[in-house]
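Take a look at the structure below.
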Amino acid sequence: MSLYSCLALIEYETDLLYETMVEKARDRRIKLLLNVILQETKGHAEIFKHLARSFDQTYPPAIPDCGKLMGNIFADSVKLTRNLKDSMQKGMPFLEAMRKLVDYEGSVGEEYVTLMHSRLSACDEEDATVKKILEYIARDEERHEEILKLAIEVASTKKS
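The numbers in the sequence shown follow this note's numbering, run straight up by one, and end at 162.
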């Protein structure tokens, strides 16, 4: 099973999207909010890569294997983050991109957290440390949606 490697790839793709968003943001408050998410996302990617190595999983993973393991959530996550990043680079309005990202965090992101929670319940006593780290990451993912909503609120009152 290459779950950690697949999760690392999702986080990496999300990291690339947030890098683009931070770069495109003009308002310093929005930049700060997005940078919080970016830094945590980078950290999550590194943690999952570390876990993948610890469990002898190859990184980057074979994309078809991740699809089999994680179902639509994997393909949907990677596709949306890549498409949104490309659209922003081609001039998609910043506020529109953030709204799409909130929709993503609220739907696919929710499935992602649910998947992580289901894997947590499968962790045995020996993996108590891993389980705790996954709990922290799941909480971070839930908080990212709140931070994005705040960034949208700021952007709605002032152009980014």
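Note that beta-carbon positions come from the ideal geometry of N, C-alpha and C, so glycine has one too.
Inter-residue spacing [alpha-carbon to alpha-carbon] between residue i and residue j
{"i": "I39", "j": "Y14", "result": "12 Å"}
{"i": "L11", "j": "P63", "result": "8 Å"}
{"i": "A130", "j": "E148", "result": "28 Å"}
{"i": "Y106", "j": "R145", "result": "14 Å"}
{"i": "K102", "j": "F57", "result": "34 Å"}
{"i": "S79", "j": "C8", "result": "11 Å"}
{"i": "K134", "j": "R141", "result": "11 Å"}
{"i": "V104", "j": "R55", "result": "31 Å"}
Cβ-based burial, residue i [other Cβ within 10 Å; buried from 16]
{"i": "K70", "result": "exposed"}
{"i": "L53", "result": "buried"}
{"i": "Q41", "result": "exposed"}
{"i": "L5", "result": "buried"}
{"i": "T22", "result": "buried"}
{"i": "Q59", "result": "buried"}
{"i": "E25", "result": "exposed"}
{"i": "D17", "result": "buried"}
{"i": "K51", "result": "buried"}
Three-state secondary structure (DSSP) of residue i
{"i": "K102", "result": "helix"}
{"i": "M23", "result": "helix"}
{"i": "T60", "result": "coil"}
{"i": "P66", "result": "helix"}
{"i": "S4", "result": "coil"}
Own chain residues within Cβ distance below 6 Å of residue i, not counting five before or after
{"i": "L97", "result": "A157"}
The ligand FAD heavy atom lying under 8 Å from the CB of residue i
{"i": "K51", "result": "With respect to the ligand FAD, the structure offers nothing, as it holds no ligand at all."}
Beta-carbon proximity list for residue i, same chain, < 7 Å, skipping 5 on both sides
{"i": "Y20", "result": "L36, I39, L40, T43"}
{"i": "A27", "result": "K33, L36, F96, S162"}
{"i": "L86", "result": "L19, A99, K102, L103"}
Option nearest residue i by Cα separation, candidates the options
{"i": "F76", "options": "I65, N85, E48", "result": "I65"}
{"i": "L150", "options": "I139, M94, A99", "result": "A99"}
{"i": "V132", "options": "D67, I49, D17", "result": "I49"}
Cutoff 8 Å; reference residue i; Cβ partners in own chain excluding five residues on either side
{"i": "Q91", "result": "T22"}
{"i": "I154", "result": "L97, M100, R101, V104"}
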